[in-house]
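First the structure, in the form of structure tokens, and then the observations on it.
The structure is reproduced here in structure tokens:
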């Protein structure tokens, strides 16, 4: 049987429990996800123009899908760029 070394014990003690983020759209007073709400959509897009991952945004699965659809619709009607021009 393998014994834990001191370094492994210290590393295990330093780990923090991962706290799950609450979905910002599951609250009662949250605004609905709309493709015309550009300031809200920009929070969910990276500086390169990619849609941020669910683990980064903290949105639940259902709302992450709605965000993705809204971003794609906004891109389609030229409200948001497909790619960022910043280098």
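Residue numbers (our numbering): 1 to 87.
Glycine included, each C-beta is placed from N, C-alpha and C at the ideal position.
Computed from a predicted structure; not experimentally measured.
Asked	Found
Beta carbon of residue 45 nearer than 8 Å to that of residue 77	no
One or two residues paired with residue 45 in a DSSP bridge	51
Cβ-based neighbour list, residue 54, same chain, cut-off 6 Å, excluding 5 preceding and 5 following	64
Backbone CA spacing between residue 15 and residue 79 [nearest angstrom]	43 Å
Same chain, Cβ closer than 8 Å to residue 134, five either side skipped, listed in chain order	Here the chain covers residues 1 to 87 and nothing more, so residue 134 does not appear.
Assigned exposure category for residue 41 - 16 Cβ within 10 Å defines buried	buried
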